[in-house]
Amino acid sequence: MVLAEVIIEYPASSLDRPFYYAYNENNNLQKGVRVKIPFANKEIIGYVYQVIKKEQTKEEFEKENGYVLKDIIQVIDKEPIINEELFLLAKEISNYYFSPLISVLKTMLPPSLKPSTTSLSKPKIAYEQYLEVIEKDISSLTNKQKELYETIKSQKRIKKSSVSYSIAINLLKKGFLKEIKEEKYRLITKTNENKDFNILNEEQENAKNEVLKTTNQIFLLEGITGSGKTEVYLHLTKEYLKKGKTVLILLPEISLTYQVIKIFLNHFSKIAILHSSLTNSEKYDEYRKISKGEVDIVIGARSSIFAPLKNIGLVIIDEEHSETYKQETAPYYHALTVAKMRQKQQEFNILLGSATPSLESRARAFKGTYKLLKLTKRYKTNLPTCNIVDLASLKEVDEKSIIVSKTLREKIKERLANKEQVLIMLNRRGYATYITCRRCSYTFKCPKCNLPLSLHIDENILKCHHCGYNSKMVSECPKCNSPYLRTGGIAIQKAEQELNKLFPEAKILRLDSDVAKKRLATKAIIDDFQKNKADILLGSQMISKGLDFPNVTLSCILLADVGLNIPSFRASEKIFALLTQTIGRAGRRNNGEAIIQTYMPNHYAIQLAAKQDYETFFLTEMKYRKIASYPPFSYCAILEISSIDEKELISS
Ligand code: ADP
Ligand code: ZN
Ligand code: ZN
16 MVLAEVIIEY
26 PASSLDRPFY
36 YAYNENNNLQ
46 KGVRVKIPFA
56 NKEIIGYVYQ
66 VIKKEQTKEE
76 FEKENGYVLK
86 DIIQVIDKEP
96 IINEELFLLA
106 KEISNYYFSP
116 LISVLKTMLP
126 PSLKPSTTSL
136 SKPKIAYEQY
146 LEVIEKDISS
156 LTNKQKELYE
166 TIKSQKRIKK
176 SSVSYSIAIN
186 LLKKGFLKEI
196 KEEKYRLITK
206 TNENKDFNIL
216 NEEQENAKNE
226 VLKTTNQIFL
236 LEGITGSGKT
246 EVYLHLTKEY
256 LKKGKTVLIL
266 LPEISLTYQV
276 IKIFLNHFSK
286 IAILHSSLTN
296 SEKYDEYRKI
306 SKGEVDIVIG
316 ARSSIFAPLK
326 NIGLVIIDEE
336 HSETYKQETA
346 PYYHALTVAK
356 MRQKQQEFNI
366 LLGSATPSLE
376 SRARAFKGTY
386 KLLKLTKRYK
396 TNLPTCNIVD
406 LASLKEVDEK
416 SIIVSKTLRE
426 KIKERLANKE
436 QVLIMLNRRG
446 YATYITCRRC
456 SYTFKCPKCN
466 LPLSLHIDEN
476 ILKCHHCGYN
486 SKMVSECPKC
496 NSPYLRTGGI
506 AIQKAEQELN
516 KLFPEAKILR
526 LDSDVAKKRL
536 ATKAIIDDFQ
546 KNKADILLGS
556 QMISKGLDFP
566 NVTLSCILLA
576 DVGLNIPSFR
586 ASEKIFALLT
596 QTIGRAGRRN
606 NGEAIIQTYM
616 PNHYAIQLAA
626 KQDYETFFLT
636 EMKYRKIASY
646 PPFSYCAILE
656 ISSIDEKELI
666 SS
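For the sequence shown, this note's numbering gives the first residue as 16, with consecutive numbering after it.
Next comes the structure, spelled out in C-alpha cells:
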C-alpha cells in the first residue's frame, strides 16, 4: 500500500498538519500533486506532502493504528505543481510567518493551480494546430487542392485556422497533409528587441560593475528620481543573461509594470509577465513558461517572487520602499524577506532600487549590511524646482476654488498654453470624506467600524475605506428626513470636477484604484497620457512612482497633509517618499517645476521633500526613531489572535 501525507485545503492552524490517506492504484503517486480526498463528509482538495511506501496492506495498517484509512479519490495533476526549491521555501515561510503551509502554497501558485476546490476549473492548455505537407505525387489533385498544397509546402507549415477548412480536410483525409498540435500561450507580448542600449554615465557604470563583481550580496541603489535606475537594470540584465543566468524584476505598481515591460521588450525577448490584470489562463501560461525554463526574465508584482525561475543571477526590487511589497492578508509576507530566503538556496544578488529608500534599508546600507550605490544626477536635466503653497493663506484661495490655489492655476494655464503636460496627485479616493445633514448634523457612518463613510459619485455609493462596507447613497437624512445633505473633505473625484470647471479646454484623465478596477483601464490611461492624448493626469499614489512621461513639466501635490496626521511612526517617511516621488515625475527631458499645496508648510517631511533632500530627511527621521525606539532601532511584529469566545482566547 502507498500511504500519502496530505495537507488539506482549509487554511486553519488547527488543521495545519498532514492527514493520512491510502492510495492503491498501480501508477505512481508523486509528491507535490493535488488530490481529491474525502474529509468530514465532503470531497475536498489536498496537496500531497509526502509519499510513503508501506510493506503492510491497508487492513494491517488500520489494525495496527486503530483507525480507518480513507482512500484518495482522484489524482488531479500529472506532475508536481511546484518544484522542490519552492516547496522548501513554502515551509520556511510557513514557519517564519506562523501561517498554515496550505495558505502559503495558495499564495505561491497561480489561481488555476491553487490547491482549493473553488479554483479547480482545470486550466486548460491552449493549442494551435498547424498543417504540413507529406511529400507525394500531387497530379491527381484538383487545382485548388494543388494550390493549397504548394502554399503550405513553400511556407513549410501553416496555421490550420488560416486556410480553407473544406480543402484542408480533404487533403488530410487523402493523406497529403498532416496535422501538428502545439501548445500555445495566450498572452501576446510584442517584442521589439535589438534596440540599442544607451551608454551609461559614470555613476551608472560604476553601480553596474559593483553588482557584477560579487554574488550573494544585497545592494541598495539610491538614485534620485530620473537618475536612470531603470537603465542600470537593463544593462545588468544584459550582463546576467550573457553569463547564462536569469533575472527576476519586481515592481510595486501595475501602472509602472506596463512601462517597464515595454522598455524590456525593446531589448529582450524571453520574458514572462505576472501581474493582476492578466486573466487566469494567461497567468497559468506565463507560469508554465517559467517552470519549463523557456524564459530568462520575469517581470511582475509582489507575488512574482515565487516564480519558479531557476538559475537566478539577480533579483531586482524596484521602488523598494513601496508598501505593496508586503501582503496585507495571510500569509503576511514581505517580498524582500522571501527574496532573502531564496537567496540562501540559489545564491544570487539582490538589487533594491529607490529614490527614497525605506529607513530600514537605508540604515542597513549605512551599517554596511547592504552595499550602497548612489546615483546623484539626472541624465540630462536638473531636478524640478519646487514651491510650497500654504493653503491657509488668503492670497491663495478664493471663491473660484478652495482646492486649486491661485499659484497652481497660473502654472497650469502656462503649461496648457505651451502644450506641456501636468501631473496632479491627490491620495484620497472618492468624492467626499464625509456626509452630514445640514439640519440635524447626522453623519453617515459605517455600521461595522463607526467611521465616517466616503461618498463615491461615480457609482453613487457610500463606502467605508476601512472595511469596504458600502451602501447606496440616499437623497435624505435617515434621521430627520431633511433633503439638505452636505459633503465635506476633498477627495479625488471632487478634484476632478473642479479641474474640469477651471480648465474646460483641457483634457483630464483620472487614475486611482476605483478606475483601475476595470481590467486594462490603467494601461489605457497611461498609454494615452504618454502619447500626449491628454493634458492633465490626476491620480492617487498610483501615479507617483517610477513613471517616465517625457512631456510632463509640472507636477503637483494637491494636499500634502493627507496621511501626515495618522498615528503611525511611518507617517512622515511615507509622506516624504510620496511627495519626493511625485515631484520627481516632472522635468525628465526638459527642466520642470513642482508645487506642494499644504496646510502644514513648515513640516520637515514637506520641506525636505520640496528640496528632494533624502539624506537630511534620513538623518532627521533616524533621530526621532532613536528617541522613541522605533524601527530600525527595534523590530515590530503584530500578533493577531482571534476567537469567538473571549474567555477561551485569554486562556489560550
Ligand atoms: P529612474 O528609474 O531613476 O527614475 P529612468 O531610468 O527612468 O530613471 O531614467 C530617466 C530618463 O533618463 C529616461 O527617459 C532614460 O531613458 C533617460 N536616461 C537615463 N540614463 C540614460 C543614459 N545613460 N543614456 C540616455 N538616457 C538615459
Ligand atoms: Zn438630519
Ligand atoms: Zn467599516
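All residues carry an ideal CB built from backbone N, CA and C; glycine is no exception.
Helix, strand or coil, according to DSSP, for Asn485 in the structure here? strand
Any beta carbon of chain C sitting closer than 8 Å to that of Ser456? No chain C appears in this structure, which consists of one protein chain only.
Expressed to the nearest angstrom, what Euclidean distance is found between the alpha-carbon atoms of Ala370 and Asp413? 36 Å
Using only CA atoms, which one of Gln361, Ile418, Glu301, Ile327 lies nearest to Glu198? Glu301
Is there at least one non-hydrogen atom of ligand 1 closer than 7 Å to the beta-carbon of Lys161? no
Assess contact between the region 432-450 and the region 530-543, defined as three or more Cβ pairs (one per stretch) separated by less than 8 Å. Is contact present? no
To the nearest whole angstrom, what separates the beta carbons of Gly675 and Arg585, a pair I think is in contact under 8 Å? Because the chain here runs from 16 to 667, residue 675 falls outside it and cannot be looked at.
Proximity winner among Val567, Pro26, Tyr82, relative to Tyr36 (alpha-carbon distances): Tyr82
Please determine whether the Cβ atom of Arg669 lies at a distance below 7 Å from any heavy atom of ligand 2. As shown, the chain starts at 16 and ends at 667. That puts residue 669 outside it, with no answer to give.
So, do the region 339-348 and the region 111-119 have three or more beta carbon pairs nearer to each other than 8 Å? yes
Report the residue ranges of all alpha helix (DSSP H) runs contained in full by the region 161-215; include only those spanning at least 4 residues, in chain order. 180-188
Under the rule that 16 or more other beta-carbon atoms within 10 Å means buried, what is Gln512, buried or exposed? exposed
How about Tyr394: is its Cβ closer than 7 Å to a heavy atom in ligand 1? yes
If you pair each beta-carbon of the region 236-254 with each one of the region 389-407, do three or more pairs fall below 8 Å? yes
Could you tell me whether any non-hydrogen atom of ligand 1 is closer than 7 Å to the CB of Ser337? no
According to DSSP, is Ser242 part of a helix, a strand, or is it coil? coil
Heavy atom of ligand 2 less than 7 Å from the Cβ of Ser490, yes or no? no
Quick check on Val567: does DSSP put it in helix, strand or coil? strand
Distance check for Val148 and Asn364, CA to CA, integer angstroms please. 49 Å
Residue interval of the alpha helix (DSSP H) (run including Gln596): 586-598
Given a cut-off of 8 Å, decide if Leu573 and Ile659 are closer than it, judged by their beta-carbon atoms. no
At the level of alpha carbons, what is the spacing between Lys463 and Glu237? 43 Å
Check whether the Cβ of Cys401 sits closer than 7 Å to any heavy atom of ligand 3, and report yes or no. no
Tell me which residues share the same chain as Arg430 and place their Cβ nearer than 8 Å to its Cβ, disregarding the 5 neighbours each side in the sequence. Gln436, Val437, Asp550, Thr568, Leu569
Which value, in whole angstroms, describes the spacing of the CA atoms of Thr122 and Leu18? 27 Å
Ignore the nearest five residues each way along the sequence and tell me which others in Asn465's own chain have a CB closer than 6 Å to its CB. none
Would the region 209-229 and the region 285-296 be scored as touching if the rule is three or more Cβ pairs under 8 Å? no
DSSP three-state call for Glu608: helix, strand or coil? strand
Compare the beta carbon distance of Leu388 and Ile327 with 8 Å and say whether it is the shorter of the two. no
With DSSP as the reference, identify every bridge partner of Gly47, one or two as the case may be. In the DSSP output, where bridge partners are listed per residue, Gly47 has none listed.
Does the distance between the C-beta of Asn110 and the nearest non-hydrogen atom of ligand 1 fall short of 7 Å? no
Which of helix, strand or coil DSSP assigns to Ser456: coil
Output the residues surrounding ligand 3, defined as those with a CB atom closer than 5 Å to any ligand heavy atom, in chain order. Cys461, Lys463, Cys464, Cys479, His481, Cys482, Tyr484
Quick one: any contact between the region 152-172 and the region 88-100, if contact means 3 or more CB pairs under 8 Å? no
Since Asp660 sits in a beta bridge, which residues does DSSP pair it with? According to DSSP, which records beta bridges pairwise, Asp660 is partnered with nothing at all.
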